[in-house]
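S.K.: Residue 749 in the numbering used here sits at position 141 of the sequence shown, and the numbers go up by one each step. Have a look at this one before I ask anything.
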Amino acid sequence: MLTKEALIIKLKESKDVAVLTGAGISAESGVPTFRGKDGLWRQYRAEELATPQAFAANPKLVWEWYDWRRSIIHPLSPNAAHLTIAKLEKYYDKFTVITQNVDGLHAKAGSKNIIELHGNIWKVQCIVEGNVMENYEVPLKEIPPKCKCNALLRPYIVWFGEPLHPYTFENAVAAVESAQILLVIGTSAIVQPAASLPIIAKEYNKIVVEINIDDTPLTPIVDLSIKGKAAEVIPSLFFWLPT
Ligand code: NAD
Numbered sequence: 609m610l611t612k613e614a615l616i617i618k619l620k621e622s623k624d625v626a627v628l629t630g631a632g633i634s635a636e637s638g639v640p641t642f643r644g645k646d647g648l649w650r651q652y653r654a655e656e657l658a659t660p661q662a663f664a665a666n667p668k669l670v671w672e673w674y675d676w677r678r679s680i681i682h683p684l685s686p687n688a689a690h691l692t693i694a695k696l697e698k699y700y701d702k703f704t705v706i707t708q709n710v711d712g713l714h715a716k717a718g719s720k721n722i723i724e725l726h727g728n729i730w731k732v733q734c735i736v737e738g739n740v741m742e743n744y745e746v747p748l749k750e751i752p753p754k755c756k757c758n759a760l761l762r763p764y765i766v767w768f769g770e771p772l773h774p775y776t777f778e779n780a781v782a783a784v785e786s787a788q789i790l791l792v793i794g795t796s797a798i799v800q801p802a803a804s805l806p807i808i809a810k811e812y813n814k815i816v817v818e819i820n821i822d823d824t825p826l827t828p829i830v831d832l833s834i835k836g837k838a839a840e841v842i843p844s845l846f847f848w849l850p851t
């Protein structure tokens, strides 16, 4: 079993590192996780609203939920975990952020090489033309919002039951295959196919480290499981970074 001290030495020596992040990394910035105590909106669970079926049945309801989530996320700032991760791009020859989060906080922290597995809450897509646009309007003037062509816009988000956007998973697998170390931060590791990335990393004999406040299905298979809040643990792993 790897110790935290041995991990820090390996983190210093490595050239290629990847992180896989989930809702837990943004929890201390104030973004509610889906499965945490603030995960409910009105009486709905996320799994009931973040689906193509829910959008087809009631786009107004789904957009009201996204409008609420966007209004929560809009004023929030990246925390010490996002900010430390953003600095790592300069330290390593190759560093990839693979995120399940849609909140845009890695980009706000300054990370550039980001693979957004599940899309981005600040982007919308025309359901007819397929074009993707940035949209930071909070609150939305019109719900549901419409494209110039008058068709509905949808959140540019991968919903439960949908495939990932083209090439995102392939790019994430390539990043995991080349990295020497994968840090898995604040994810319940149950949403597929993201949850398979640490398994793939293990198959390639990579060092896989989990940072989470709780156990997950990954805990028994990782090289090291560090229990704690991402915003405290991540800076403690990289205290040695040049400023
Ligand atoms: P999840 O809600 O299923 O799990 C969150 C995980 O983070 C849990 O394992 C929890 O123990 C852990 N956690 C909570 N607070 C933490 C902290 N301070 N430090 C470290 N760990 C902490 O989230 P998920 O695994 O990302 O999967 C759910 C799906 O929800 C994803 O597809 C994602 O797209 C979406 N989602 C995104 C956001 C966001 O963009 N911030 C928020 C909610 C849900």
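Here a beta-carbon is modelled for each residue, glycine too, at the ideal position from N, C-alpha and C. If you're wondering where the values come from, they're calculated on a predicted model, not measured in any experiment.
(1) Starting from A626 and walking both ways along the beta strand (DSSP E), at which residues does that stretch end?
(2) Exposed or buried, what is K756 when buried is set at 16 or more other beta-carbons lying within 10 Å of its beta-carbon?
(3) Closer than 8 Å is the cut-off here; do at least three beta carbon pairs connect the segment 783-801 with the segment 696-712?
(4) Is V799 near the ligand NAD, going by C-beta to nearest heavy atom under 8 Å?
(5) With DSSP as the reference, please indicate the residues paired to Y764 in a beta bridge.
(6) Within the same chain, show all residues whose beta-carbon is closer than 6 Å to that of Q733, passing over the 5 residues directly before and after it, in chain order.
(7) Determine the direct distance from the alpha carbon of S637 to that of L684, and round the result to whole angstroms.
(8) Quick one: is K814 buried, meaning 16 or more other Cβ sit within 10 Å of its Cβ, or exposed?
(9) Grouping DSSP H, G and I as helix and E and B as strand, with all else coil, what is T851?
(10) If you reduce the DSSP assignment to three classes, tell me which class S634 lands in.
(11) Does at least one heavy atom of the ligand NAD sit under 8 Å from the Cβ of G769?
(12) Which complete beta strand (DSSP E) runs does the segment 750-838 hold, if anything under 3 residues is left out?
(13) Let me check understanding here. Comparing Cα to Cα, which of H690, A780 and D823 lies closest to I798?
(14) Tell me, to the nearest whole angstrom, how far the beta carbon of D624 is from that of S786; I am working on the premise that it is less than 8 Å.
(15) Within 10 angstroms of the Cβ of P686, are there 16 or more other Cβ atoms? Answer buried if so, exposed if not.
(16) Leaving out five residues before and five after A802 in sequence, what residues of the same chain have Cβ atoms less than 6 Å from its Cβ?
(17) At the level of alpha carbons, what is the spacing between E672 and E750?
(18) Could you check whether the Cβ of Q733 sits closer than 8 Å to any heavy atom belonging to the ligand NAD?
(19) Taking 8 Å as the cut-off, is the beta-carbon of A635 closer than that to any non-hydrogen atom of the ligand NAD?
(20) Taking only heavy atoms of the ligand NAD into account, decide whether any of them is closer than 8 Å to the Cβ of F642.
M.R.: Looking at the coordinates:
(1) Along the sequence shown, read from residue 1 onward, the residue named residue 626 stands at position 18. Looking at the DSSP string, the run of the beta strand (DSSP E) that includes A626 is D624 to T629.
(2) Position 148 of the sequence shown, counted from the start, is the residue given in the question as residue 756. With fewer than 16 other Cβ atoms within 10 Å, it is exposed.
(3) yes
(4) Mapped onto the sequence shown, residue 799 falls at position 191. Yes, since a heavy atom of the ligand NAD falls inside the 8 Å radius drawn around the Cβ of V799.
(5) Numbered from its first residue, the sequence shown carries residue 764 at position 156. Partner(s): N728.
(6) Taking the first residue of the sequence shown as position 1, residue 733 is located at position 125. So the qualifying residues of the chain are V740, R762 and Y764.
(7) Counting from 1 along the sequence shown, the entry for residue 684 is found at position 76. Counting from 1 along the sequence shown, the entry for residue 637 is found at position 29. In a straight line, the C-alpha of L684 is about 6 Å away from that of S637.
(8) Within the sequence shown, numbered from 1, the residue matching residue 814 stands at position 206. Answer is buried; the Cβ neighbour count reaches 16.
(9) Residue 851 sits at position 243 when you count from the first residue of the sequence shown. Reduced to three states, the DSSP call for T851 is coil.
(10) Translated into the one-based positions of the sequence shown, residue 634 becomes position 26. Three-state DSSP puts S634 in a helix.
(11) Position 161 of the sequence shown, counting from 1, holds the residue named residue 769. Result no, Cβ not under 8 Å from the ligand NAD.
(12) 761-765, 789-793, 815-820 and 832-835
(13) Taking the first residue of the sequence shown as position 1, residue 798 is located at position 190. For the set H690, A780 and D823, the Cα lying nearest the Cα of I798 is the one of D823.
(14) If you number the sequence shown from 1, residue 624 lands on position 16. If you number the sequence shown from 1, residue 786 lands on position 178. Correct: roughly 5 Å between the Cβ atoms.
(15) Counted from its first residue, the sequence shown places residue 686 at position 78. The residue in question, P686, is buried, as its Cβ has 16 or more Cβ neighbours within 10 Å.
(16) Here residue 802 corresponds to residue number 194 of the sequence shown, with the count starting at 1. Answer for A802: Q708 and L725, listed in chain order.
(17) Here residue 672 corresponds to residue number 64 of the sequence shown, with the count starting at 1. Here residue 750 corresponds to residue number 142 of the sequence shown, with the count starting at 1. Cα-Cα distance, rounded: 10 Å.
(18) As a first step, residue 733 must be located in the sequence shown, where it is residue number 125. It does not: the Cβ of Q733 is nowhere closer than 8 Å to a heavy atom of the ligand NAD.
(19) For the purposes of this step, residue 635 is taken as residue 27 along the sequence shown, with counting starting at 1. Indeed, a heavy atom of the ligand NAD lies less than 8 Å from the Cβ.
(20) Position 34 of the sequence shown holds residue 642. Checking the Cβ of F642 against the ligand NAD gives yes.
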